[in-house]
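From first to last, the protein sequence lines are chains E and S. To get my numbering, take the position in the first sequence, counting from 1, and add 271. To get my numbering, take the position in the second sequence, counting from 1, and add 1. Beta carbons: idealized from backbone N, C-alpha and C, even for Gly. Only a predicted model underlies this, so the values are computations on that prediction, with no experimental measurement involved.
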Amino acid sequence: MSDLINQTAPETGETTRMNMIQAINSAMDVVMARDPDVVVMGEDVGYFGGVFRATAGLQKKYGKTRVFDTPITECGIIGVAVGMGAYGLRPVPEIQFADYIYPALDQLVSEAARLRYRSAGEFTAPITVRSPFGGGIFGGQTHSQSPEGIFTHVSGIKTVIPATPYDAKGLLIAAIEDNDPVLFFEPKRIYNGPFNGHWDRPAENWSKHPGGEVPTGYYKIPLGKAATVRAGEAVTILCYGTMVHVCAAVVADMGVDAEIIDLRTLIPLDIEAIEASVKKTGRCMIVHEATRTAGFGAELSALVQERCFYHLEAPIARVTGFDTPYPHSLEWAYFPGPVRIGQALKNLLKDA
Amino acid sequence: MAVPPEGHSRANLAPLQLHVPEPKFRPGDAVDFASVEVPPAGAQRRPDTAAPADSFHELAYTLVRVLDEEGRAVGPWDPKLSPDRLRRMLRHMVLLRAFDERMFRAQRQGKTSFYMKALGEEAVAVAAAHALDYEDMCFPSYRQQGLLIARDWPLVDMMNQIYSNSADRLGGKQLPIMYSAKEAGFFSISGNLTTQYPQAVGWAMASAAKGDTRIAAVWCGEGSTAEGDFHSACTFAAVYRAPVVMNVVNNQWAISSFSGFAGAEATTFAARAIGYGIAGLRVDGNDALAVYAATQWAAERARTNQGATLIEHFTYRTEGHSTSDDPTQYRSAGEPTAWPLGDPIRRLKDHLIALGEWDEKRHADQDREVAEEVRAAQKAAEANGILGHGLHQPLDSLFDGVFEEMPWHLREQRQQMLDEEQASGRPWARK
Ligand SMILES: Cc1ncc(C[n+]2csc(CCOP(=O)(O)OP(=O)(O)O)c2C)c(N)n1
Ligand SMILES: [Mg+2]
Numbered sequence: 272m273s274d275l276i277n278q279t280a281p282e283t284g285e286t287t288r289m290n291m292i293q294a295i296n297s298a299m300d301v302v303m304a305r306d307p308d309v310v311v312m313g314e315d316v317g318y319f320g321g322v323f324r325a326t327a328g329l330q331k332k333y334g335k336t337r338v339f340d341t342p343i344t345e346c347g348i349i350g351v352a353v354g355m356g357a358y359g360l361r362p363v364p365e366i367q368f369a370d371y372i373y374p375a376l377d378q379l380v381s382e383a384a385r386l387r388y389r390s391a392g393e394f395t396a397p398i399t400v401r402s403p404f405g406g407g408i409f410g411g412q413t414h415s416q417s418p419e420g421i422f423t424h425v426s427g428i429k430t431v432i433p434a435t436p437y438d439a440k441g442l443l444i445a446a447i448e449d450n451d452p453v454l455f456f457e458p459k460r461i462y463n464g465p466f467n468g469h470w471d472r473p474a475e476n477w478s479k480h481p482g483g484e485v486p487t488g489y490y491k492i493p494l495g496k497a498a499t500v501r502a503g504e505a506v507t508i509l510c511y512g513t514m515v516h517v518c519a520a521v522v523a524d525m526g527v528d529a530e531i532i533d534l535r536t537l538i539p540l541d542i543e544a545i546e547a548s549v550k551k552t553g554r555c556m557i558v559h560e561a562t563r564t565a566g567f568g569a570e571l572s573a574l575v576q577e578r579c580f581y582h583l584e585a586p587i588a589r590v591t592g593f594d595t596p597y598p599h600s601l602e603w604a605y606f607p608g609p610v611r612i613g614q615a616l617k618n619l620l621k622d623a
Numbered sequence: 002m003a004v005p006p007e008g009h010s011r012a013n014l015a016p017l018q019l020h021v022p023e024p025k026f027r028p029g030d031a032v033d034f035a036s037v038e039v040p041p042a043g044a045q046r047r048p049d050t051a052a053p054a055d056s057f058h059e060l061a062y063t064l065v066r067v068l069d070e071e072g073r074a075v076g077p078w079d080p081k082l083s084p085d086r087l088r089r090m091l092r093h094m095v096l097l098r099a100f101d102e103r104m105f106r107a108q109r110q111g112k113t114s115f116y117m118k119a120l121g122e123e124a125v126a127v128a129a130a131h132a133l134d135y136e137d138m139c140f141p142s143y144r145q146q147g148l149l150i151a152r153d154w155p156l157v158d159m160m161n162q163i164y165s166n167s168a169d170r171l172g173g174k175q176l177p178i179m180y181s182a183k184e185a186g187f188f189s190i191s192g193n194l195t196t197q198y199p200q201a202v203g204w205a206m207a208s209a210a211k212g213d214t215r216i217a218a219v220w221c222g223e224g225s226t227a228e229g230d231f232h233s234a235c236t237f238a239a240v241y242r243a244p245v246v247m248n249v250v251n252n253q254w255a256i257s258s259f260s261g262f263a264g265a266e267a268t269t270f271a272a273r274a275i276g277y278g279i280a281g282l283r284v285d286g287n288d289a290l291a292v293y294a295a296t297q298w299a300a301e302r303a304r305t306n307q308g309a310t311l312i313e314h315f316t317y318r319t320e321g322h323s324t325s326d327d328p329t330q331y332r333s334a335g336e337p338t339a340w341p342l343g344d345p346i347r348r349l350k351d352h353l354i355a356l357g358e359w360d361e362k363r364h365a366d367q368d369r370e371v372a373e374e375v376r377a378a379q380k381a382a383e384a385n386g387i388l389g390h391g392l393h394q395p396l397d398s399l400f401d402g403v404f405e406e407m408p409w410h411l412r413e414q415r416q417q418m419l420d421e422e423q424a425s426g427r428p429w430a431r432k
C-alpha cells in the first residue's frame, strides 16, 4: 500500500512505531500529563490496564483517583462520567466492547447528548467514551458489532473512528479536549495491524505502515476533518475504520484509480471533502461493516445525492454488513470483504 | 445570598477523599485469607420455608455450611441425601471438570475460538440442578454449563456448539459455550451480562400467572450484580413475589476486578435481598450439600408462593476468566491454593468416603471412565467438524432466524451473498 498518502507523521517532534493500542494509550498518557482533570474509568481499566491493554500503566502513573476500575454497569459508568463532567472533570470512560454500550443508551442519548442544550450551556458533558468495535476476530454476536449508526442518529453527540495509530492518537487527544460528548469507536480488528480483508492470509502489523509512525508527544487531528488516503479520479470511496484498509487493498489489487476518503469523524462530517471528491470523480461508493438498513451509509448516500446529483454518472453504491446479527462461524461470509467490495466497484465503474 | 448551614464553615473542612477499592493481594504477594470469615459447618439455623423474609436476616451475612472439616454432614441444613444421589452429584462434578479441561485444551489447540471453565465452582451449578425439578427453568450465565451436565445433556451436543460444526443446533451463530437447550430447561445464554435476571423473573411471573407449578432459577456472577438488570429483577421479584431462585455466584473475581468493585467491601451480595424485602441466604459455594440444601429450601419457598430467594454462593474462580485471560497479571498466584473453602469435588468425595460409600480406588476408576467418556464425545463431535476448517453450515443459513419470515431486503442480501460466493471461487469450502 505504498500509494497511501496523508497518513504520515507530522513535521515536528519525535516519533516512534506504535500499534493502535499503544497510540491510544499514549494519547491518554499525554493528555493526563497536561490536564489534571482528565480521568480514565471503566471495567478492568485500572490495575490490569484494560482487556485490550489500552490503559496499561496509566493507573500506576496517575494514581487510582484518576484511573480506576468500575463496577460492571455501563449505565452507571456513563452516568457517573456525566456527573464528573458536570463537576468540571474531563472523563474518558471505556466501554469494554461496543456490544455492551446498550445499557448506557439512556445516559448517552437522553443525558450526555442533551445536557448542553437543555441547560442553556450551564452544564456540559465533556466526556469521551472509548469503545472497541467491529468484527473479524471470531467474537460472535456480542464482541463484533458496529453500532455507530445508532449514535450518529442522535443529535448532540460526536462520533469518531480512527483507521491508523497516528490518527487514533491525534483524534483521541482532540476528542478528550472537545467540550462535547464524543464516542470514540476503536476498530479492534486493526489494533495490531492493518487488515486487507483477506482473513486467510498472514496478519500484518503496523511496523511497515506509514500510519504506524506516531509522535510521542502532543498533537491533535481536528474532529470533522476527513483524510484522503489515496487520491484518484475514477471513483470516490467513502469509508472509515477497518474498511479503509480493506478498500485500499481492493483498489490496489484491481488497479482502479479510486479516491479513498477516510472519514475519521462521522459527526461532524467533513462534507466539503466528500463533495469536492464526488464532484471530481462523478461516482461514489460507501463502505461500512455495520448493518445496512438505516446505517450511516444511508445518510452519506442521501447527502451525496442532495449535493452532487448533477455530477453523478452512476447510482451511489453501498457496501455493508448484512442485516443480521453478527454470526460466529460464518463471520467471513458476513464481513464486507474484498469480493463484495470488488464486485460493487466493478459494477459502479462498468460504464466508465 | 443563601445562608450557610449551621455548625461549620467550608473553609475549616478537611478535604474529601475518593475511596477506590483495592484487593488484598496482587501478583507476587503472599496470600493469607485469615480475614475471610468461615463459620463452622452446621452452625446456622434453618428457618421454616414459610417464615417471613425479614425473620432471618442474619443468614445473609454468614455462610450456610453443611460439610465439616472431617467430611461429615452436620446441622439443620444437611439435606440428608441418599448415597446414590451423592455419588451422582460427585460424578457430575467430576465430569464437568474433565469436560472443561478437555475443551479448554481444544481451544488452545486452535479447534475453536473461545472457552470458559468453571474450575472450583462445580458445586454451584451441579448441586443446584440436583435440587431443582427437571422441569424448572434455568436462566444461566456462561459459567453454569454444570446445569446441562447435571441434567445429563449429551456432551457431544455441547461440543458441537463449541466447535460451531455441522451438528451445532445453533447453526454456528453463537459464540462457543453460549448454549441453548430448551428441552433441558436451559435458556439461551446471552453474551451481555445479567440480561437473564429480569427474564427469569418474567418467566416465573408467567408461571405464577398461569397457575403452573414450575419455578425459575437464575444465575449471575458477583460482578454482574452491578448491572441495572440485576436490580430491576430484584424489584420485580419482590413486588410480584415471583417464584424464582436468584443465584449470585461470588467467585471473588470479575475478569481482573475483585468483588470490591461490585460492593463486597461494604456488605455481602446476599444482603442485597434485605433491601428489596426478599429472602437472602449466603452459602458455602464449595459445599455441594449446602448448595443443594439452600436451593431446595429456596425452591420450596418459591413453590409455596413465599416468593423469591437470593442465594449468594461464596466460592472462588480458580483459573482465568476465559481462554482470553491471564490472571497472573492482576492477582496473586497463591490465591487459588490458599482459598479457605477447599475444592468442592474433594469435599464431596471425602464425605462419601467418610460415609463408607466411596473409596479412593472407585474415585480413580471414575476419573478414568469420565476422561474416556469425554474423549469419546470429543472424537464424535470433531467428526462433525471444528471451527475454521471447512464450511459447516450452508452459507445462506446466515439469514435464517433473523425474523420468522424473511423480508425482501434480507432475501436480496442473501442472493447477493450467494453471488459473491460464486464470484469468489468458493473460498469458504477450504480445508
Ligand atoms: C453488559 C456487559 N458488560 C461487560 C461485559 C464483559 N464481561 C464479560 S464477563 C465480565 C465479568 C463478569 O464477572 P462476574 O459477573 O463476576 O462473573 P464471573 O465471570 O466471575 O463468573 C465482563 C466485564 C459483558 N459481557 N456484558
Ligand atoms: Mg465473578
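Going by DSSP in three states, residue i sits in which element: helix, strand or coil?
i	result
E:R324	coil
E:R589	strand
S:H410	helix
S:D30	coil
E:A498	strand
E:R466	Note on identity: in this sequence residue 466 of chain E is Phe, with Arg being the wrong assignment. Coil.
E:N618	helix
E:N277	With a pLDDT of only 46 at E:N277, under the threshold of 50, the placement of this residue in the model should not be trusted; the figure read from the coordinates follows. Residue state, collapsed to three classes: coil.
E:R305	helix
E:M289	coil
E:M272	Unreliable positioning characterises E:M272 in this predicted model, as indicated by a pLDDT of 35, which lies under 50. A coordinate reading is not provided.
S:R332	coil
S:D85	helix
E:I372	coil
S:G281	strand
Does residue i get closer than 7 Å to chain E when you measure Cβ to Cβ?
i	result
S:F400	yes
S:G321	no
S:L176	yes
S:K432	In this predicted model, S:K432 has a pLDDT of only 36, less than 50, meaning its place in the structure is not dependable; the value taken from the coordinates is given anyway. Taking Cβ atoms only, chain E never reaches closer than 7 Å to S:K432, which makes this a no.
S:N193	yes
S:K227	Note that residue 227 of chain S is Ala in the sequence shown here, rather than Lys. Yes - at least one Cβ of chain E is within 7 Å of the one on S:A227.
S:L1	Residue 1 of chain S lies beyond the range of chain S shown here (2 to 432); nothing can be said about it.
S:Y331	yes
S:A263	yes
S:S189	no
S:G1	Shown here, chain S extends from 2 to 432; a query on residue 1 of chain S therefore has no answer.
S:V32	no
S:K163	Residue 163 of chain S is actually Ile in this sequence, not Lys. No, S:I163 lies away from the interface with chain E (no Cβ there is under 7 Å from its Cβ).
S:V403	yes
S:M181	Checking the displayed sequence, the identity of residue 181 of chain S turns out to be Ser instead of Met. No, S:S181 does not count as interfacial toward chain E.
S:A255	yes
S:G224	yes
Is residue i close to chain C? Criterion is C-beta to C-beta, closer than 7 Å.
i	result
E:Y318	Given the protein chain composition of this structure (E and S), no chain C is represented.
Kindly give me the distance between the Cβ atoms of residue i and residue j, rounded to whole angstroms, as I take these residues to be in contact under 8 Å.
i	j	result
E:C555	E:L601	E:C555 to E:L601, Cβ: 29 Å. No contact.
S:S333	S:F26	4 Å
S:A132	S:T305	Actually they do not touch by this definition, with Cβ atoms about 15 Å apart.
E:R535	E:K496	7 Å
E:D340	E:V311	Going by Cβ atoms, the distance from E:D340 to E:V311 rounds to 10 Å, so no, they are not a contact pair.
E:V431	E:L494	6 Å
I'd like to know if residue i contacts chain S, where contact means its C-beta is closer than 7 Å to some C-beta of that chain.
i	result
E:A623	no
E:L601	yes
E:V256	Here chain E comprises residues numbered 272 to 623, so residue 256 of chain E is not present and cannot be evaluated.
E:C510	no
Could you list the residues in the region 385–397 of chain S with a C-beta less than 7 Å from some C-beta on chain E, going in chain order?
-> L388, H393, Q394 and L396
Listed from N- to C-terminal order along the chain, which residues in the region 407–426 of chain S have their beta-carbon within a distance smaller than 7 Å of any beta-carbon of chain E?
-> H410, L411, Q414, M418, E421, A424 and S425
According to a CB-to-CB cut-off of less than 7 Å, which residues of the region 109–133 of chain S neighbour chain E?
-> S114
Residues in the region 299–333 of chain E having any Cβ partner in chain S nearer than 7 Å | E314, D315, Y318, F319 and V322
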